[in-house]
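Data first, discussion second: the structure below is written as structure tokens.
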Amino acid sequence: MEKIIEAHELTKKFGEFKAVNKISFDVKKGEIFGFLGANGAGKSTAMRMLTGLLSPTSGAATVAGFDVFSQQEEIKKNIGYMSQKFSLYNDLTLMENITFYGGIYGLSSNEIKERGALLIDRLGLTDIKKKLLKEVPLGWKQKIAFSVATLHNPKIVFLDEPTGGVDPITRRQFWEMIYEKADQGMTVFVTTHYMDEAEYCHRISMMVHGEIHGYGSPNQLKEEFNAQNMDEVFIHLARGDQYKLK
Ligand SMILES: Nc1ncnc2c1ncn2[C@@H]1O[C@H](COP(=O)(O)OP(=O)(O)OP(=O)(O)O)[C@@H](O)[C@H]1O
């Protein structure tokens with residue numbers, strides 16, 4: 000299957016501190032790729048390099064065929080990004096947010112109208128489309144943020160802890176939206192702290208102190224560690240057991 004992200008020994012140093020240390024992995028087109036690790040493991044730093052927001056120190060990586068060192072603007076045109084702290088503006092209404100982001104993503108006003116109407120209709124948000132975002136419940140905001148991040152049909156969508164702080168039912172619904180996009184061929188790169196969500200990914204990588212210590216499908220990792228679930232795999236890795244698939 001076609002590789003849409005390839006990283007080889009990608010590294011980011013802040014001074015002498017290696018936040019990301021020689022990580023190598025690939026993500027295939029249409030794959031849901033989970034990027035896991037404890038707080039401070041280096042996930043956000045790695046993701047910021049892959050989304051063209053931060054220049055790497057060394058190594059190599061391409062995203063949608065573009066180089067992370069020299070083609071950051073091209074990368075940004077081909078991806079969607081939903082950050083941990085929401086990209087949406089609380090002081091704009093739902094429709095104003097859609098119009099604003101549609102413009103940034105280079106959609107025409109007709110496309111914004113059409114896709115915005117579809118989004119509102121599909122999420123059943125007609126009643127709240129004129130409400131300020133700050134009046135909308137958290138779970139809904141996250142679903143809206145995801146829909147907005149994919150409004151321009153990007154090749155890859157990067158989600159940085161998209162379900163943090165929401166209830167299990169909303170998380171489940173959020174994952175249904177992720178699956179729908181992946182079924183349409185969109186690649187999903189997602190960081191999460193929830194080990195049950197790791198099970199929903201096709202493949203995952205687990206970062207420990209800036210390095211990838213686990214890499215493969217959830218079943219491969221569970222077999223390797225003789226673990227019942229991803230929680231147990233995570234504990235093994237946090238203890239320092241290391242496993243890398245060829
Ligand atoms: N701009 C920066 N300057 C110096 N250190 C940084 C900078 N950005 C991140 N770090 C450090 O790099 C390490 C990795 O941080 P990063 O945010 O990538 O981790 P993370 O895995 O995403 O954690 P979290 O789950 O808490 O978001 C941390 O120790 C952090 O303090």
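Taking numbering that gives the first Met the number 0, the leading residue of the sequence shown gets 0, the next gets one more, and so forth. C-beta: ideal position from N, C-alpha, C; glycine also. Computed from a prediction, not measured in an experiment: that's the story for all the values here.
Need the endpoints of the beta strand (DSSP E) that Val19 sits in, please.
Element bounds for Val19: Phe16 to Lys27.
Among Lys129, Trp139 and Gly14, which has the Cα closest to the Cα of Leu122?
Checking every option, the nearest Cα to that of Leu122 belongs to Trp139.
Leaving out the 5 sequence neighbours to the left and right, which residues in its chain are closer than 6 Å to Ile74 when beta-carbon positions are compared?
Excluding residues within five positions, the ones whose Cβ falls inside 6 Å are Gly51, Val62 and Phe65.
If we cut at 8 Å on Cβ distances, does Val187 have a partner in chain C?
The chain labelled as chain C is not found in the depicted structure, where only one protein chain is given.
Can you find a heavy atom of ligand 1 that lies under 7 Å from the Cβ of Thr44?
At least one heavy atom of ligand 1 is nearer than 7 Å to the Cβ of Thr44, so yes.
Report all residues from its chain with a CB closer than 6 Å to the CB of Cys200; omit the five preceding and five following residues, and keep chain order.
So the qualifying residues of the chain are Ile31 and Gly33.
Would the C-beta of Gly39 count as close to ligand 1, meaning under 7 Å from any of its heavy atoms?
Yes, ligand 1 has a heavy atom inside 7 Å of this Cβ.
DSSP puts Met205 in a beta bridge; with which residues?
Answer by DSSP bridge pairing, in chain order: Leu35 and Gly213.
Measure from the alpha carbon of His208 to the alpha carbon of each residue in Val187, Asn77, Arg202 and Ala37, then state which is nearest.
Nearest C-alpha to His208: Ala37.
Within this structure, are the beta carbons of Leu158 and Val135 separated by less than 8 Å?
No, these two residues do not count as a Cβ contact at 8 Å.
Which residue marks the beginning of the alpha helix (DSSP H) containing Ser43, and which one marks its end?
Looking at the DSSP string, the run of the alpha helix (DSSP H) that includes Ser43 is Lys42 to Leu49.
If we count Cβ pairs, one from each stretch, closer than 8 Å, do we get three or more for the segment 143-153 versus the segment 177-197?
At 8 Å Cβ cutoff, the stretches touch.
Once you ignore the five residues that flank Thr190 on each side, which residues in its own chain have a CB closer than 6 Å to its CB?
Phe34, Lys42, Asp159 and Glu160.
Since I believe Asn89 is in contact with Lys129 (beta carbons under 8 Å), could you give me their beta-carbon distance rounded to a whole number of angstroms?
Rounded, the Cβ-Cβ distance is 15 Å, inconsistent with contact.
Within the same chain, show all residues whose beta-carbon is closer than 7 Å to that of Phe24, passing over the 5 residues directly before and after it, in chain order.
Taken in chain order, the residues that qualify are Ala6, Ser204, Ile211 and Tyr214.
Counting only the same chain and skipping the five closest in sequence on each side, list residues whose C-beta sits under 8 Å from that of Leu131.
So the qualifying residues of the chain are Asn89, Asp90, Leu91 and Thr92.
For Leu124, which residues in the same chain have their Cβ closer than 7 Å to its Cβ, ignoring the five residues on either side in sequence?
The answer, listed in chain order, is Leu93.
Where do the ends of the beta strand (DSSP E) carrying Thr149 lie?
Unbroken run through Thr149: none, as it is neither H nor E.
For the putative contact between Gln83 and Gly163, defined by C-beta atoms under 8 Å, what is the C-beta separation to the nearest angstrom?
About 7 Å; that satisfies the 8 Å criterion.
Flag Ala18 as yes when its Cβ comes closer than 7 Å to any non-hydrogen atom of ligand 1, and as no otherwise.
Yes.
Determine the DSSP secondary structure at Thr10, reduced to helix, strand or coil.
Three-state DSSP puts Thr10 in a strand.
Considering only residues of the same chain and omitting the five flanking positions on each side of Ile234, which have a CB-CB separation below 6 Å?
Result list for Ile234: empty, nothing under 6 Å.
Tell me the residue span of the alpha helix (DSSP H) that contains Tyr178.
Per DSSP, Tyr178 belongs to the alpha helix (DSSP H) from Pro167 to Asp182.
What's the call for Arg170, buried or exposed, on a 16-neighbour Cβ count within 10 Å?
Classification for Arg170: buried.
Evaluate Pro167 with the Cβ neighbour count: other Cβ atoms within 10 Å of its Cβ, from every protein chain shown; 16 or more gives buried, anything less gives exposed.
Exposed, because fewer than 16 other Cβ atoms sit within 10 Å of the Cβ of Pro167.
Which same chain residues end up closer than 6 Å to Phe68 when comparing Cβ atoms and leaving out the 5 residues on each side of it in sequence?
For Phe68, where only same-chain residues beyond five positions count, there are no Cβ hits under 6 Å.
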